[in-house]
Structure formats: structure tokens, C-alpha cells
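Chemist: Have a look at this one before I ask anything.
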Amino acid sequence: MEKKLSVLNLAEELAEKSSLTASQAEGFVRAFFDVLADGLAQDDIVKVKGWGTFKLSAVMGRESVDVNTGERIVIKGYRKVTFLPETALKERINKPFAQFETTELNDGYSTQEETDRVEDAGLDAGALLHADEVNETFSSAAEEKPEVQEETTALEMPAGTESESETPSVYEAAADVETMTEPEPVESAGTKADSGEAARPEATTEPETEIAIEPEPILVPEDEPVRKETGTPEPEALKREPDNVKRTRRPRRSWHYWLPIVLLLLVSVCLYIYITFGKGFEKPTYAHAAGEKENSIKVEHVDFSDKKPNIVIKTDSPKPTPAACSTTASIVHDSTQISSEEGKTLEVKTTQAVPEEAKTLEVKPAGAEPAEAKSAEAKPAQQKTTVQPARSGEKSLKDITMADTTGYVILGTKATHTVQEGETIVQLARKYYNDKRLWPYIVKHNGLKNPNSVQVGKSIAIPELKAK
Amino acid sequence: MNNKEFITALSKRTGRTPSDTLKLIEDFEALMTSHLEENDTIAAVGFGTFEVKKKMERVSVNPTTGKRYLIPPKLALSFKQSASLKERFNADADNMEASAEDHVSRQ
Chain L
706 MEKKLSVLNL AEELAEKSSL TASQAEGFVR AFFDVLADGL AQDDIVKVKG WGTFKLSAVM
766 GRESVDVNTG ERIVIKGYRK VTFLPETALK ERINKPFAQF ETTELNDGYS TQEETDRVED
826 AGLDAGALLH ADEVNETFSS AAEEKPEVQE ETTALEMPAG TESESETPSV YEAAADVETM
886 TEPEPVESAG TKADSGEAAR PEATTEPETE IAIEPEPILV PEDEPVRKET GTPEPEALKR
946 EPDNVKRTRR PRRSWHYWLP IVLLLLVSVC LYIYITFGKG FEKPTYAHAA GEKENSIKVE
1006 HVDFSDKKPN IVIKTDSPKP TPAACSTTAS IVHDSTQISS EEGKTLEVKT TQAVPEEAKT
1066 LEVKPAGAEP AEAKSAEAKP AQQKTTVQPA RSGEKSLKDI TMADTTGYVI LGTKATHTVQ
1126 EGETIVQLAR KYYNDKRLWP YIVKHNGLKN PNSVQVGKSI AIPELKAK
Chain V
11 MNNKEFITAL SKRTGRTPSD TLKLIEDFEA LMTSHLEEND TIAAVGFGTF EVKKKMERVS
71 VNPTTGKRYL IPPKLALSFK QSASLKERFN ADADNMEASA EDHVSRQ
């Protein structure tokens, strides 16, 4: 559309638009510009409404250089007609670009500006960092809760594991007396394996044996925090359970989630030592649990006698290299113990876990496989036969094992308690709920950062709990 | 010369009433504007050329605050006087410089 219009073109169009003839229109257009020129000559300025302002302005003479000769020449000053369109006209012409606006730029070149910018950027970055920190604190705060729960497992585990760890040691007393001479490593190993196993086989109890109705709610939640930590999809394993073949995949993954479990166990062992030797307030229950456990042990013994091959193989296995695979040995012990209650599934698992972990032990895989096979054979029979002993064994387990730390909802504050000297949160839990295992709820409700050190005189709100 | 004077002068020149002239002026302006909107160039012989020019976007700095601004591109109407008009105003070559200086000093 960019055509060049002459006065004649304009006159034609004006003639069409108005009632003028072509010649009249042409005359008008010419007159228009002539008057403009005359007006400029007269006043140096002409204002035309709806169009703009024409002005005569002087241009100063200046020195320059002749491009061809290089001589210095003087360009004379002259007068020039300038045109300043009206705002309305300007806007109409600039319509296509009207949406643009002048924007302030944030990054600059000038030094002063640059420093300013840098400072600004620094501030921004700082603000960002701050935001990150805040986020982190938030996330850490969010993480704290699972941690607390994990701690409960850690704390509760020893409570459970102590008596359980005693059982393997009792076992070992029966199996070989030499291990008993070193009570501490055995015990710790026992706890390690114990709680480690507690995490695993308990999950299996859920779908497998309907006999284990009682321990289920107790065992499963304990497993949950562990699962959180390790991040291994336990339910997958659960699904695979009924299938023996698929289970062989499991050991591969065990590598990843054994590491954190072991770390957790170390912490739990430390806590356990602290509680038992430092405070010793849990002793009576331990004794009680242990007493019960012994009953169960008897049952288990009976149980074991039913499943001779497994026990024989496994109790034997730790002997060749007791030091090297003390943990695996205890795992085996433990697993046999639990397997006596749960049946073949657990057993199979441990046999899988064992060859993976104790590769140095050649005896084990050899022994483990027949165990698996035999357990598979004994499957139907065992399920029936183990019903009774399993129950008794599980009852003892129920007392021993972890608290149900996730099965409740905090509804409100039931009471407030002022901490006296020598009291602990666990004691408060026992006092108010008749169940020491619910202490994490008190910690959670009060937002205690360190439940192990509560100041005397501090008032603790006891939450009202409701089972989910 | 303001708008009123301009209309009067034009009406005198064309022999019409000022109101008729005003109407014609408005029509003519609307006509030119519509053409300019379509990026047409209007060349009035003996006076000058009206042309729409595209100005590129640029970065401008406010000297007092040091802030930098991006000025968007725009379409601007420019006018260039014709050579004959220039001659008319600068007819007296000898006096020209003096008149220019005079003009500047007046400003």
C-alpha cells in the first residue's frame, strides 16, 4: 500500500469525498499548501487543527570536511520547516505499535548502574537463598515428624528387641555356649537382626496368615516408618509373596534398604543402651516380656522340632564363621524364630536374604535351598499345625514388638501434665494411655524437639487419641 | 498563524465561506490521515513530503536516575520540506546566515 500520493491524487479523492469538482478540489489542495507556506513565511509558525504545527526553525551553520577533497568547508546555516503532528494524528499513525510500552531494563551497562544492579541482584539472590532456607526448614520440620516416628521405632525396638534379643541368646545358649560368653556383641547382633527382621517379616504377616490377626496392627505400623526411610516399596514384596518364584528377586533390592536399617539399628542400640543403663526405668516390662517370651520360646521349640530341617541348617550355619557373619547368623536365628510363627514365607525370605548378605558362607545357600524346598513341601501341613503355637508365639511378640504409632489420630488435649523430676515422656504415655508405646503422640502434640530431654516443670499437653 | 487565521486565509484564497473551508479542511485532513495510516507517502509539490517512518526500538537512559528504558518501536510521521520551500525561506543567501543567527539569538 505504500504508494506515493501527489496533490493530484489527493484532489481526486477529495473531489469524490466532497461535493467539489476535480478542478475545484485540486485548487483547494494547492491553496491549502500555499497558505501553509505563506503563513510560515509570515509568522514562522502555522497551526492547523487536526493536523499539526508547522514551524520554521533555524539550522546553525557548521564546519565539515569535503568528502572528495578533504578540505574544510563551512555549511551555511539555513531555515527549515519542521512539522509536529498533533497527538491524535501521531496516535492514529502509530496504531499498529500502540500496544508497546516503554519498559525499564534491569540489566545495565553503566558502572554505577551495574553496581546497583549487582547489589540488587545480590539482594534478590539473598532473598532467594532465604526462601530456600525457609523451605528447607519447612521441609526439615516436615521431615521431623517421620523422624519422630522412626525414633519411636528406634526407641521401641530395643524395648521389643531386648526381650527378643534375649531369646536368640537363649537360643544360642542352647545352640552353642561360646556365643554366650560374649553377651554384648551377640545381643547387639541379635537386636540388629531382630529389628531388621521385624521390619521385613512382619510385613509379610499381613496378607499371608490370617492367624496373626492380633499382632498385625502392632507389627505393620512399625514397619511403615522403616519403609519410609528406606523408600523400598514393601507392598510390592507383599504382592509377590504368594509366588515363590518371584520372591527370588527380592534380595537384589535388599541391598539398598539394609543400609539405612542398619544405621537405624545402630541408633536404636545406642538408645537402648542409654535407656537400660542410664535410666533403667523400663526394666520391669522387659522382665515381664522376657518372661512371656520364654514361654513362647518353648512353643517355638516345639515348633522348631516340627521343622527340623530348617532349624538344623540355620543354627548350624553361623557356627563356621561366627565372627564374620554374626549379623547374618542372628538374622537366621531370628528368622527361624519368626518363621516358626509365620510359616514358610518368612523362612524363604531369610534364606534369600542370607545368601545375598553372607556370600562368604558357602554353607548357607546350600543349606538354605533345601530349607526352602522343604518349607515349600511343608507348606500345607505347617499352616495347619502351626496355628496354635503361632498364636502363643505371636502373643508374646505383640508384647515385645513395636508400638502402633500410626494408628491413632490426635483429637485434642486430654490433660496437661507438669513434668516432675525423673519422669519421661514414655512414662507419661504409660500413665495416661496405659501404653508406653503411644509416647510419640505426646511428643508430636507438644512439638518437642528432643523427647529425651524434657525440662522439669514443663507442662506437657496429653493428647486425646482416637484409633483410626 | 493559528488555526483560525489559517482558515480565514484559506477561505479568502479559495473564495469560500470559512465554515465551508473548515469542512473541506477536515475532509482533507481525514483523507491524508487515512492514507498515512496505510503508510502512504504524501508529496505536496512545492511544499514538502509527509512520510510515515518506522523508528526502531532503542534503549534510553534517564540521565538523572541512571535507569535504563527500552523504548518500543513506533511509527512516526515525518515531514521533509521541499527544495523549493527551502529556497523560498533561504532566498537571500547572503542574509541567510545572519538571519539564522538572528533567529537563534531570538530563541
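Protein sequence lines correspond, in order, to chains L and V. The numbering of the first sequence is my numbering, which starts it at 706 and goes up by one. The numbering of the second sequence is my numbering, which starts it at 11 and goes up by one. Glycine included, C-beta positions come from ideal geometry on N, C-alpha and C.
Given this structure, state the Cα-to-Cα distance separating V:Leu-85 from L:Ser-762, to the nearest angstrom.
Modeler: For the purposes of this step, residue 85 of chain V is taken as residue 75 along the second sequence, with counting starting at 1. For the purposes of this step, residue 762 of chain L is taken as residue 57 along the first sequence, with counting starting at 1. Answer to the nearest angstrom: the Cα atoms are 23 Å apart.
Chemist: L:Ser-1235 to V:Asp-50, Cα distance in whole Å?
Modeler: Any question about residue 1235 of chain L goes unanswered here, given that chain L covers just 706 to 1173.
Chemist: Could you check how far apart the C-beta atoms of L:Glu-1126 and L:Val-1161 are, in whole angstroms? I think they sit under 8 Å.
Modeler: Mapped onto the first sequence, residue 1126 of chain L falls at position 421. Mapped onto the first sequence, residue 1161 of chain L falls at position 456. L:Glu-1126 to L:Val-1161, Cβ: 5 Å. Contact.
Chemist: Can you name the residues that DSSP bridges to L:Tyr-783?
Modeler: What you label residue 783 of chain L is simply residue 78 of the first sequence in a count that begins at 1. Note: L:Tyr-783 sits in a beta bridge opposite L:Val-764.
Chemist: So, is the C-beta of V:Pro-28 closer than 9 Å to a C-beta in chain L?
Modeler: Here residue 28 of chain V refers to the residue found at position 18 when the second sequence is read from its first residue. The Cβ of V:Pro-28 sits no closer than 9 Å to any Cβ of chain L.
Chemist: What are the residues in the stretch 775-802 of chain L lying within 8 Å of chain V by C-beta distance?
Modeler: Lys-781, Gly-782, Tyr-783, Arg-784, Lys-785, Val-786, Thr-787, Phe-788, Pro-790, Leu-794, Lys-795, Arg-797, Ile-798, Asn-799, Lys-800, Pro-801, Phe-802
Chemist: Checking 9 Å against the spacing of the C-beta atoms, do V:Leu-34 and V:Arg-26 come in under that value?
Modeler: Within the second sequence, numbered from 1, the residue matching residue 34 of chain V stands at position 24. Within the second sequence, numbered from 1, the residue matching residue 26 of chain V stands at position 16. Yes; because the gap between Cβ atoms is below 9 Å, this pair is in contact.
Chemist: Consider the Cβ of L:Thr-807: report whether some Cβ of chain V lies at a distance smaller than 9 Å.
Modeler: Working through the first sequence from its first residue, we reach residue 807 of chain L at position 102. Yes - at least one Cβ of chain V is within 9 Å of the one on L:Thr-807.
Chemist: Can you have a look at V:Met-66 and say buried or exposed, based on whether 16 or more other CB atoms are within 10 angstroms of its CB?
Modeler: Sequence index remark: in the second sequence, residue 66 of chain V carries index 56 (1-based). Label assigned to V:Met-66: exposed.
Chemist: Output the boundary residues of the alpha helix (DSSP H) element that contains L:Tyr-1137.
Modeler: Residue 1137 of chain L sits at position 432 when you count from the first residue of the first sequence. From DSSP, the alpha helix (DSSP H) with L:Tyr-1137 extends over 1130-1138.
Chemist: If you draw a straight line from the alpha carbon of L:Glu-707 to that of L:Val-770, how long is it in whole angstroms?
Modeler: Your numbering for residue 707 of chain L matches position 2 in the first sequence. Your numbering for residue 770 of chain L matches position 65 in the first sequence. Answer to the nearest angstrom: the Cα atoms are 36 Å apart.
Chemist: Please confirm whether L:Leu-741 and V:Phe-57 have their CB atoms less than 9 Å apart.
Modeler: What you label residue 741 of chain L is simply residue 36 of the first sequence in a count that begins at 1. What you label residue 57 of chain V is simply residue 47 of the second sequence in a count that begins at 1. Yes, Cβ-Cβ distance for L:Leu-741 and V:Phe-57 is below 9 Å.
Chemist: Which residues, in chain order, does the stretch 745-776 of chain L contribute to contact with chain V at a C-beta distance below 9 Å?
Modeler: Leu-745, Ala-746, Gln-747, Asp-748, Asp-749, Ile-750, Val-751, Lys-752, Val-753, Lys-754, Gly-755, Trp-756, Gly-757, Phe-759, Leu-761, Ser-762, Ala-763, Val-764, Met-765, Gly-766
Chemist: Do you know offhand how far L:Thr-774's Cα is from V:Met-42's?
Modeler: The residue given as residue 774 of chain L occupies position 69 in the first sequence. The residue given as residue 42 of chain V occupies position 32 in the second sequence. Those two C-alpha atoms are separated by around 44 Å.
Chemist: Skipping 5 residues on each side, what residues in its chain have a beta carbon closer than 7 Å to that of L:Ile-1130?
Modeler: Reading the first sequence from its first residue, position 425 is the one you call residue 1130 of chain L. Correct list, in chain order: Trp-1144, Ile-1147, Val-1148, Pro-1156, Val-1159.
Chemist: If we define contact as Cβ-Cβ less than 9 Å, is V:His-45 a contact residue for chain L?
Modeler: Within the second sequence, numbered from 1, the residue matching residue 45 of chain V stands at position 35. Chain L contact via Cβ: present.
Chemist: With DSSP as the reference, label L:Ala-803 as helix, strand or coil.
Modeler: Translated into positions along the first sequence, residue 803 of chain L becomes position 98. Three-state DSSP puts L:Ala-803 in coil, outside helix and strand.
Chemist: Under 8 Å: do the stretch 803-812 of chain L and the stretch 74-84 of chain V share three or more Cβ pairs, one atom per stretch?
Modeler: yes
Chemist: Please check if any C-beta of chain V sits within less than 9 Å of the C-beta of L:Thr-842.
Modeler: Position 137 of the first sequence, counting from 1, holds the residue named residue 842 of chain L. Unreliable placement is indicated for L:Thr-842, whose pLDDT of 42 sits below 50; the coordinate value is still reported in the next sentence. It does not; no Cβ of chain V falls within 9 Å.
Chemist: Shortest alpha-carbon distance to V:Glu-47 belongs to which of V:Glu-61, V:Ala-54, V:Val-55?
Modeler: Here residue 47 of chain V refers to the residue found at position 37 of the second sequence. Residue V:Glu-61 is the option with its Cα nearest to V:Glu-47.
Chemist: How would you call L:Gly-782, buried or exposed, if buried means at least 16 neighbouring beta carbons within 10 angstroms?
Modeler: Along the first sequence, read from residue 1 onward, the residue named residue 782 of chain L stands at position 77. It is buried - the Cβ of L:Gly-782 has at least 16 other Cβ atoms within 10 Å.
Chemist: Could you run through the stretch 708-732 of chain L and flag, in chain order, every residue whose CB is less than 7 Å away from some CB of chain V?
Modeler: Answer set for the stretch 708-732 of chain L: Lys-708, Lys-709, Leu-710, Ser-711, Val-712, Leu-715, Glu-718, Leu-719, Lys-722, Ser-723, Gly-732.
Chemist: With burial defined as no fewer than 16 other Cβ atoms inside 10 Å of the residue's Cβ, what is the status of L:Leu-968: buried or exposed?
Modeler: Counting from one through the first sequence, the residue named residue 968 of chain L turns up at place 263. That one is exposed.
Chemist: What does the Cβ neighbour count give for L:Pro-790, buried or exposed, with the cut at 16 atoms within 10 Å?
Modeler: Looking up residue 790 of chain L in the first sequence gives position 85. Buried is the call here.
Chemist: Hey, could you find the ends of the alpha helix (DSSP H) V:Leu-41 is sitting in?
Modeler: Within the second sequence, residue 41 of chain V is the residue found at index 31, counting from 1. Unbroken alpha helix (DSSP H) run through V:Leu-41: 28-47.
Chemist: Considering only C-alpha positions, which residue in the set L:Arg-1135, L:Arg-1142, L:Lys-1171 is nearest to L:Thr-1118?
Modeler: Reading the first sequence from its first residue, position 413 is the one you call residue 1118 of chain L. Of the listed residues, the one whose Cα sits closest to L:Thr-1118 is L:Lys-1171.
Chemist: Would you say L:Leu-971 faces chain A, with C-beta separation under 9 Å as the test?
Modeler: Checking the listed chains, one finds no chain A in this structure; the protein chains it contains are L and V.
Chemist: Is the beta carbon of V:Met-11 less than 9 Å from the beta carbon of L:Gln-747?
Modeler: For the purposes of this step, residue 11 of chain V is taken as residue 1 along the second sequence, with counting starting at 1. For the purposes of this step, residue 747 of chain L is taken as residue 42 along the first sequence, with counting starting at 1. In contact: V:Met-11 and L:Gln-747 (Cβ atoms closer than 9 Å).
Chemist: Is the shortest distance between the beta-carbon of V:Ala-53 and the beta-carbons of chain L less than 9 Å?
Modeler: For this step, residue 53 of chain V is matched to residue 43 along the second sequence. Chain L contact via Cβ: present.
Chemist: I'd like the span of the alpha helix (DSSP H) that includes L:Lys-1180, first residue to last.
Modeler: In the structure as shown, chain L starts at 706 and stops at 1173, and residue 1180 of chain L therefore has no counterpart that could be examined.
Chemist: To the nearest angstrom, report how far apart L:Asn-811 and V:Val-69 are at their CA atoms.
Modeler: As a working mapping, residue 811 of chain L is identified with position 106 in the first sequence. As a working mapping, residue 69 of chain V is identified with position 59 in the second sequence. Going from the Cα of L:Asn-811 to the Cα of V:Val-69 covers about 12 Å.
Chemist: DSSP three-state label for L:Gln-1160, please.
Modeler: Numbered from its first residue, the first sequence carries residue 1160 of chain L at position 455. Correct three-state label for L:Gln-1160: coil.
Chemist: Provide the residue span of the beta strand (DSSP E) that contains V:Glu-60, from first to last.
Modeler: One-based indexing of the second sequence puts residue 60 of chain V at position 50. In the sequence on display, residue 60 of chain V carries Phe and not Glu. Start and end: 58-65.
Chemist: Give the range of the beta strand (DSSP E) segment to which L:Tyr-979 is assigned.
Modeler: As a working note, residue 979 of chain L is residue 274 in the first sequence. Careful: L:Tyr-979 lies outside any beta strand (DSSP E) and carries neither H nor E.
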